[in-house]
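Here is the structure we will look at, set down as structure tokens.
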Amino acid sequence: MRLFAPDDKSFEAVAEQPISLQELVQLRRLAVRSNGFIITPPELSTVVVAPVNEAELRLSTLRIHPCCPLLCMNLGSRQALLIRRRVIWGRPNELFATLCELLNSGERVPYEVLERSVAGKISPAAVAELVRMIVRLGGLLIEPL
Numbered sequence: 001m002r003l004f005a006p007d008d009k010s011f012e013a014v015a016e017q018p019i020s021l022q023e024l025v026q027l028r029r030l031a032v033r034s035n036g037f038i039i040t041p042p043e044l045s046t047v048v049v050a051p052v053n054e055a056e057l058r059l060s061t062l063r064i065h066p067c068c069p070l071l072c073m074n075l076g077s078r079q080a081l082l083i084r085r086r087v088i089w090g091r092p093n094e095l096f097a098t099l100c101e102l103l104n105s106g107e108r109v110p111y112e113v114l115e116r117s118v119a120g121k122i123s124p125a126a127v128a129e130l131v132r133m134i135v136r137l138g139g140l141l142i143e144p145l
């Protein structure tokens with residue numbers, strides 16, 4: 001994921017780092033758990049996503065489906081965010097863990113709360129891009145305030 005790689009060389013290096021068999025087993029277990037313990041892949045063709053810009057995001061709240069939590073784990077020098085059995089890879093960052101912590105309660109969270117919680121560490125554009133990606137994967141709902 002280019003969000004957290006400063007350049008192309010760093011991005012390519014993330015994909016080449018080894019992962020142990022035990023870490024792959026953990027990843028598989030979390031992937032099943034991230035889809036509400038359903039073994040079959042989620043049907044993403046039913047997910048309709050309207051394009052949302054940063055200004056619209058700031059006037060909205062975020063919510064996940066309680067049966068499909070967001071999960072985050074470290075694998076070597078990488079971090080994985082699991083959304084309905086889909087994985088977003090990144091370099092270790094605070095955004096993945098913060099997303100999981102804020103949203104897994106099942107409550108509606110104002111987008112600005114998420115943006116403020118990682119301010120100064122992650123750019124607002126990167127936060128918005130990740131939120132839009134999670135919405136496209138069917139793991140997040142954007143609702144008006």
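Counted the way the numbering used here counts, the sequence shown spans residues 1 to 145. Cβ coordinates follow ideal geometry from the N, Cα and C atoms, glycine included.
1. Taking residue 97 and residue 72 to be in contact with their CB atoms under 8 Å, please state how far apart those CB atoms are, rounded to whole angstroms.
2. Would you mind working out which of 26, 76, 52 sits nearest residue 13, comparing C-alpha positions?
3. Per the contact definition of three or more C-beta pairs closer than 8 Å, is the segment 74-88 in contact with the segment 16-36?
4. So, using beta-carbon positions, are residue 31 and residue 82 closer together than 9 Å?
5. In terms of residues, what are the limits of the beta strand (DSSP E) holding residue 80?
6. Measure the C-alpha to C-alpha separation of residue 1 and residue 132 and round it to an integer number of angstroms.
7. If you check the beta carbons only, do residue 111 and residue 70 fall under 9 Å apart?
8. Do you know how far the Cα of residue 9 is from the Cα of residue 80?
9. My understanding is that residue 104 touches residue 122, with C-beta atoms under 8 Å, so please give their C-beta distance in whole angstroms.
10. Go to residue 131, then tell me how far its alpha helix (DSSP H) extends in each direction, as first and last residue.
11. Find the nearest neighbour of residue 115 within the set 27, 54, 144, 65, judged by alpha-carbon distance.
12. By alpha-carbon positions, which one of 60, 33, 27, 117 ends up nearest to residue 95?
13. In this structure, does DSSP put residue 100 in helix, strand or coil?
Concretely, from the data shown:
1. About 5 Å separates the two Cβ atoms, so the contact holds.
2. Ranking 26, 76, 52 by Cα distance to residue 13 puts 76 first.
3. Segment contact: the segment 16-36 against the segment 74-88, three or more CB-CB distances shorter than 8 Å; contact assigned.
4. Against a cut-off of 9 Å, the Cβ pair of residue 82 and residue 31 comes out as a contact.
5. DSSP places residue 80 inside the beta strand (DSSP E), whose first and last residues are 78-83.
6. Residue placement at residue 1 is poorly supported in this model, since its pLDDT is 43, which falls under 50; the coordinates are not used for a value here.
7. No. Outside cutoff.
8. Cα to Cα, the separation comes out at about 19 Å.
9. Not really, about 19 Å apart at Cβ, beyond 8 Å.
10. It spans 124-136 - the alpha helix (DSSP H) in which residue 131 sits, taken as one unbroken run.
11. Of the candidates 27, 54, 144, 65, 54 places its Cα closest to the Cα of residue 115.
12. That would be 117, whose Cα lies nearest to the Cα of residue 95.
13. The answer is helix: DSSP assigns residue 100 an H, G or I state.
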